[in-house]
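Quick note on numbering: full-length UniProt numbering labels position 229 of the sequence shown as 229, and the sequence is numbered without any gaps. Beneath this line is the structure, given in structure tokens, with notes to follow.
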Amino acid sequence: MKEKDRRSKNASVTAAKGRGAEARGGRHEQRHLPAKGGFNARSGGPPAKAAPDKGERQRSAQEALPARPVRQRTGDKPAETVPLILETAATAGYHLIDSGNGEKLEQYGPYRIVRPEAQALWPKALPASIWEKADAAFTGDTDEDGMGRWRFPREVLGETWPMQLLDTDFLGRFTSFRHVGVFPEQLAHWSWVKDQVATAGRPLKVLNLFGYTGVASLIAAKAGAEVTHVDASKKAIGWARENQTLARAEKLPIRWICDDAMKFIQREERRGSRYDIILTDPPKFGRGPNGEVWQLFDHLAAMLDICREILSPDARGLVLTAYSIRASFYSIHELMRETMRGRGGRVESGELIIREGGLDGKEPGRALSTSLFSRWVPK
């Protein structure tokens with residue numbers, strides 16, 4: 001048997017163990033703390049931690065995060081739009097080919113990839129022969145935060161590969177948490193940010209909390225925004241800087257900050273800093289660079305309350321995305337409306353979905369739900 005054939009047959013390698021072997025907490029693990037503030041699961045830091053038990057939750061309440069009471073807001077709630085379904089359709093750099101039986105088959109740039117997907121409850125639409133031709137498949141622990149291995153049925157692939165979405169270049173990466181460095185369902189939010197920046201008639205200041213690998217930050221900066229990117233994982237920041245170089249965006253106004261998200265925004269509140277758009281994509285659970293503990297259900301209300309305080313008078317929006325939580329989008333919708341009482345505008349909440357597109361991306365199929373979101377906009 002030829003050496004190449006021997007390597008390819010049943011080739012299975014442990015996902016990248018250094019730079020990119022992380023996933024963000026929750027949907028993202030939070031390997032760091034609040035900040036996608038960290039790099040966790042839409043990111044890359046230390047191995048994801050299992051969800052804490054009750055005892056750890058009680059101990060964690062006494063750790064790290066400084067107390068910051070949530071203000072009692074007054075005034076009318078913003079108008080509302082529910083449910084709003086934001087769909088990611090096929091693009092030149094990505095599309096969902098098929099899904100079913102707990103898996104999904106996706107096209108990421110040049111590669112077809114199979115990954116677990118618990119919400120794909122239906123049978124697969126395409127024959128097994130198509131799925132078997134994938135370039136990479138994640139195997140092993142199928143829990144959201146579980147570690148596993150990548151199997152390369154055809155030939156062993158490198159850790160990274162070039163990708164492009166919304167005219168922005170970045171690196172895809174095979175991580176041990178089945179994530180690949182980009183969450184394509186976020187294209188709906190990224191396109192919205194790009195449009196807001198492009199039509200503002202002035203430079204907008206964008207804050208990207210839990211910024212992960214920096215794709216959103218690069219898209220916003222290329223559109224003309226001044227961006228502050230916060231993530232608690234040094235590895236996530238390193239990956240984001242790699243993406244900045246690949247995107248030929250070294251001169252764009254982006255501040256890369258490795259810090260705990262909650263601590264950062266509290267300092268910004270004290271400083272009187274203001275942002276026109278805030279993107280926040282926190283994990284369910286995570287730790288910051290100095291051991292700070294983030295619990296989404298414990299800290300989300302305070303985080304949004306602080307975000308409101310650092311929105312500029314002419315702000316264009318506050319966007320929250322939530323993955324892998326046992327809650328309805330109505331929960332974060334009502335939280336956002338309470339947070340924005342007296343500020344006017346509208347709160348739009350619902351789900352992000354990805355539509356199957358078949359082999360060529362042109363055959364609309366079933367919709368795969370990926371996450372919950374809530375977005376405040378001024379009009």
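Ideal placement from N, C-alpha and C gives every residue a C-beta, glycine not left out.
Closest residue to residue i among the options (Cα-Cα distance)
{"i": "S273", "options": "A79, S312, T175, I354", "result": "S312"}
{"i": "S176", "options": "V193, P116, S217, P110", "result": "P116"}
{"i": "L246", "options": "M163, Q266, I277, D360", "result": "M163"}
{"i": "E268", "options": "S371, C307, G93", "result": "C307"}
{"i": "M303", "options": "P289, N290, G291, L318", "result": "L318"}
{"i": "K133", "options": "G148, P110, W122, G140", "result": "P110"}
{"i": "A125", "options": "D360, G365, I277, R112", "result": "G365"}
{"i": "V227", "options": "V180, A198, Y275, T213", "result": "Y275"}
{"i": "G75", "options": "R375, R337, V377", "result": "R337"}
{"i": "F373", "options": "Q72, I85, R73", "result": "I85"}
Burial state of residue i, where buried means 16 or more other Cβ atoms lie within 10 Å
{"i": "S129", "result": "exposed"}
{"i": "P83", "result": "exposed"}
{"i": "Q266", "result": "buried"}
{"i": "W239", "result": "buried"}
{"i": "K222", "result": "buried"}
{"i": "residue 442", "result": "There is no way to answer for residue 442, as the model of the chain reaches only from 1 to 379."}
{"i": "N40", "result": "Note that N40 scores 35 on pLDDT, short of 50, meaning its location in the model is unreliable; the coordinates nonetheless yield the value given after this. It counts as buried."}
{"i": "N243", "result": "buried"}
{"i": "K362", "result": "exposed"}
{"i": "N101", "result": "exposed"}
{"i": "S328", "result": "exposed"}
{"i": "R270", "result": "exposed"}
{"i": "W190", "result": "buried"}
Start and end residues, beta strand (DSSP E) containing residue i
{"i": "M147", "result": "Per DSSP, M147 belongs to no beta strand (DSSP E) and is neither H nor E."}
{"i": "R287", "result": "285-287"}
{"i": "W256", "result": "254-258"}
{"i": "H189", "result": "H189 -> not in any beta strand (DSSP E); alpha helix (DSSP H) instead, spanning 187-199."}
{"i": "I353", "result": "346-355"}
Span of the alpha helix (DSSP H), counted from its first residue to its last, around residue i
{"i": "M262", "result": "261-271"}
{"i": "R337", "result": "329-339"}
Identity of the residues DSSP links to residue i by a beta bridge
{"i": "W161", "result": "G172"}
{"i": "Q295", "result": "F285"}
{"i": "D98", "result": "L105"}
{"i": "K133", "result": "In DSSP, K133 forms no bridge with anything."}
{"i": "Y111", "result": "Y108"}
{"i": "D231", "result": "C258"}
{"i": "I85", "result": "E351"}
{"i": "F138", "result": "W150"}
Task: Stretch pair the stretch 182-194 + the stretch 344-363: three plus CB contacts closer than 8 angstroms - done: yes
Task: Given 8 angstroms, three or more beta-carbon pairs between the stretch 312-326 and the stretch 247-267 - done: no
Task: the stretch 67-86 contacting the stretch 332-348, beta-carbon criterion three pairs below 8 angstroms - done: yes
TODO: Could you tell me whether the stretch 276-294 touches the stretch 318-332, using the rule of 3 or more Cβ pairs below 8 angstroms?
DONE: yes
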